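Peer 1: Numbering (my numbering), first residue to last: 12 to 123.
Cβ coordinates follow ideal geometry from the N, Cα and C atoms, glycine included.
Predicted model, so just to flag it, every value in this text is computed and none were measured.
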């Protein structure tokens, strides 16, 4: 992932990023189990593109569901890929499943 996409390796690191964020955070939850791999791999270039396009307005965090189970429970993530827009620690919007660039852009623009 590009340098603009944070990749926490555990719950504490995820929470640290949220605590330091002065703009909304887009948490992209991905999975490594067989049924999730293809859909998540398809989203990787889009996640990097969003991080670049919304730089300064948004922080993008790419979290592995297995490594960050606390945020998964906290934000009600039930599958991968999933997106949760977080402001001051609270989820303000969420979406799941693969999204096209236009759909993700509309999702973000409606909530930023």
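(1) Under 8 angstroms: do the region 102-111 and the region 63-74 share three or more Cβ pairs, one atom per stretch?
(2) If you measure between the beta carbons of residue 35 and residue 97, is that distance less than 8 angstroms?
(3) Does DSSP put residue 108 in a helix, a strand or coil?
(4) Can you give me the Cβ contacts of residue 13 inside the same chain, cut-off strictly under 8 angstroms, excluding the 5 residues immediately before and after it?
(5) If you scan the region 20-97 from start to end, which runs of the alpha helix (DSSP H) of 4 or more residues do you find wholly inside it?
Peer 2: With the given structure in hand:
(1) no
(2) yes
(3) In the structure shown, residue 108 sits in coil (DSSP, three-state: anything other than H, G, I, E or B).
(4) At residue 13, the pLDDT of 45 sits below 50, so the modelled position is not reliable; the number obtained from the coordinates is stated separately. 59, 62 and 63, listed in sequence order.
(5) 22-31, 45-64 and 80-85
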